[in-house]
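Structure record follows, encoded as structure tokens.
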Amino acid sequence: MIEFEQVTKTYGQENALQNLNLTINDGELFVLVGPSGSGKTTLLKMINRLVVPTAGQVRIDDQNVAEMDLENLRRHTGYVLQAGALFPNMTVEQNAGVQLEALGWQAPKRHQRIVELLKKVDLDPETFLTRYPNELSGGEAQRIGIVRALAANPKLILMDEPFSALDPISKRQLQELILQLHQELTTTFVFVTHDMREAIHLADRLAVVHDGELLQVGTATQILAEPANEFVHDFFDDDSIRRQFMQAVLDAGLGQRVTSKSASALASGVIFSGQVEQLAKSDTIFDWANLVQQQPQQIVQVAGRLLKPADLIAYLARIGEAK
Ligand SMILES: Nc1ncnc2c1ncn2[C@@H]1O[C@H](COP(=O)(O)OP(=O)(O)OP(=O)(O)O)[C@@H](O)[C@H]1O
Numbered sequence: 001m002i003e004f005e006q007v008t009k010t011y012g013q014e015n016a017l018q019n020l021n022l023t024i025n026d027g028e029l030f031v032l033v034g035p036s037g038s039g040k041t042t043l044l045k046m047i048n049r050l051v052v053p054t055a056g057q058v059r060i061d062d063q064n065v066a067e068m069d070l071e072n073l074r075r076h077t078g079y080v081l082q083a084g085a086l087f088p089n090m091t092v093e094q095n096a097g098v099q100l101e102a103l104g105w106q107a108p109k110r111h112q113r114i115v116e117l118l119k120k121v122d123l124d125p126e127t128f129l130t131r132y133p134n135e136l137s138g139g140e141a142q143r144i145g146i147v148r149a150l151a152a153n154p155k156l157i158l159m160d161e162p163f164s165a166l167d168p169i170s171k172r173q174l175q176e177l178i179l180q181l182h183q184e185l186t187t188t189f190v191f192v193t194h195d196m197r198e199a200i201h202l203a204d205r206l207a208v209v210h211d212g213e214l215l216q217v218g219t220a221t222q223i224l225a226e227p228a229n230e231f232v233h234d235f236f237d238d239d240s241i242r243r244q245f246m247q248a249v250l251d252a253g254l255g256q257r258v259t260s261k262s263a264s265a266l267a268s269g270v271i272f273s274g275q276v277e278q279l280a281k282s283d284t285i286f287d288w289a290n291l292v293q294q295q296p297q298q299i300v301q302v303a304g305r306l307l308k309p310a311d312l313i314a315y316l317a318r319i320g321e322a323k
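Here you go:
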């Protein structure tokens with residue numbers, strides 16, 4: 001367990017973090033999300049003591065990080081940075097084995113471990129072991145970064161915007177890889193991103209950071225259902241997320257695709273003229289519309305996603321406009 005207790009970090013006159021309390025549980029995929037300059041990296045770096053708090057303390061398994069043996073702490077913590085954090089003059093095998101070498105693993109054992117992990121991240125060892133970083137794509141380099149972080153089987157992996165420099169397809173693939181690794185391992189992952197879609201997709205729980213403060217901590221569902229304040233609400237208020245929710249409803253069989261003609265008729269019926277009873281006859285999205293009409297505060301969870309009444313209304317309105 002990682003605990004931040006009354007943590008403050010001051011640079012000059014500026015508070016980068018103020019009086020912050022947070023607990024990250026063992027085995028969680030915990031995401032720190034917030035806009036640029038909000039303090040996410042500062043928070044992350046306090047866990048492996050790259051940054052030292054001005055006040056308060058950070059504890060790992062009840063041990064104050066400030067009092068831990070630094071080398072031991074770093075060697076047993078995986079750290080993945082933005083693409084490009086590999087040593088340019090070392091091969092993939094050497095890069096991936098840096099931490100193992102520091103821990104005294106012999107070459108054959110290192111080799112075996114790295115081969116095993118390359119396969120796990122879908123890279124063919126034959127092809128990649130002897131390559132240099134300038135012979136890798138951004139996505140491949142980042143997979144090597146992940147192999148390096150996993151190599152010594154750490155209890156904790158810190159990831160600082162690891163996918164922000166990647167193209168959308170590589171980014172998606174690596175997000176799926178992290179979700180898969182997290183399912184397979186008992187490792188705790190702390191992941192920093194400014195991308196709220198990435199945060200929602202990955203997080204078991206997430207913390208929204210803004211101006212050095214934790215505005216809200218919880219699951220994506222909790223935060224989307226009840227944003228703590230206007231900033232959190234606006235930060236997650238994104239049309240593509242609403243569309244995802246809508247699609248989840250359709251995918252779950254609660255809705256059906258309709259022609260724009262009937263939809264616009266229904267839309268006006270549902271929203272404006274109160275003909276809900278008459279429309280809600282089968283197990284369709286219109287039943288859901290009925291529910292919303294009767295219980296406007298109702299929030300429905302479908303296929304692990306959260307749907308708010310506003311999502312449905314926005315959807316129907318859009319179909320209406322499209323006609
Ligand atoms: N070494 C430093 N010296 C002075 N100020 C710093 C230092 N490191 C960070 N800061 C300041 O602390 C604040 C938080 O920075 P931090 O890097 O933690 O933010 P972040 O949320 O990770 O941002 P980004 O997403 O842009 O990396 C910023 O205002 C930053 O300018």
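Using the UniProt record's numbering, read the sequence shown as starting at 1 and increasing by one per residue.
Don't be surprised by glycine CBs; every beta carbon is placed ideally from N, CA and C.
If you're wondering where the values come from, they're calculated on a predicted model, not measured in any experiment.
With 16 as the cutoff for other CB atoms within 10 Å, does residue i come out buried or exposed?
i	result
Thr127	exposed
Gln142	buried
Val52	exposed
Asn153	exposed
Asp160	buried
residue 336	The first residue shown for the chain is 1 and the last is 323, placing residue 336 beyond what the model contains.
Ile2	buried
Gly78	buried
Ser137	exposed
Ser38	buried
Ile169	exposed
Leu123	buried
Leu86	buried
Leu70	exposed
Would residue i and residue j qualify as a contact pair, given that the criterion is a beta-carbon distance under 8 Å?
i	j	result
Val192	Lys9	no
Pro88	Pro162	no
Gly139	Leu166	yes
Val33	Ala199	yes
Ala151	Leu100	yes
Val208	Leu202	no
Ala55	Gly212	no
Arg75	Leu103	yes
Val7	Leu20	yes
Glu28	Arg197	no
Leu158	Ile47	yes
Val190	Ile24	yes
Glu176	Leu129	no
Thr91	Arg131	yes
Val80	Leu118	no
Ser36	His182	no
His210	Phe231	yes
Val115	Pro125	yes
According to DSSP, simplified to helix, strand and coil, what is residue i?
i	result
Met9	Here residue 9 turns out to be Lys, not Met, going by the sequence shown. Looking at Lys9 - three-state DSSP - the assignment turns out to be strand.
Val190	strand
Phe163	coil
His76	coil
Glu14	strand
Val302	Residue confidence for Val302 is low, a pLDDT of 49 falling below 50, so the modelled location carries little weight and cannot support an answer.
Val115	helix
Val31	strand
Phe4	strand
Val51	coil
Val65	helix
Val121	coil
Glu126	helix
Leu81	coil
Gly97	coil
Gly145	helix
Thr23	strand
Leu158	strand
Leu224	helix
Gln216	strand
Leu185	coil
Leu136	coil
Ala107	helix
Ala207	strand
Arg131	coil
I want to check one thing, is the minimum distance from the CB of residue i to the heavy atoms of ligand 2 below 7 Å?
i	result
Ala16	Absence of ligand 2 from the depicted structure is noted, with ligand 1 being the only ligands included.
Can you round the beta-carbon distance between residue i and residue j to whole angstroms, since I take them to be within the 8 Å contact cut?
i	j	result
Leu156	Thr188	5 Å
Gln57	Ser164	So it is not a contact: roughly 30 Å between Cβ atoms.
query: Just checking, does the region 217 to 226 make contact with the region 63 to 83 on the three C-beta pairs under 8 Å criterion?
result: no
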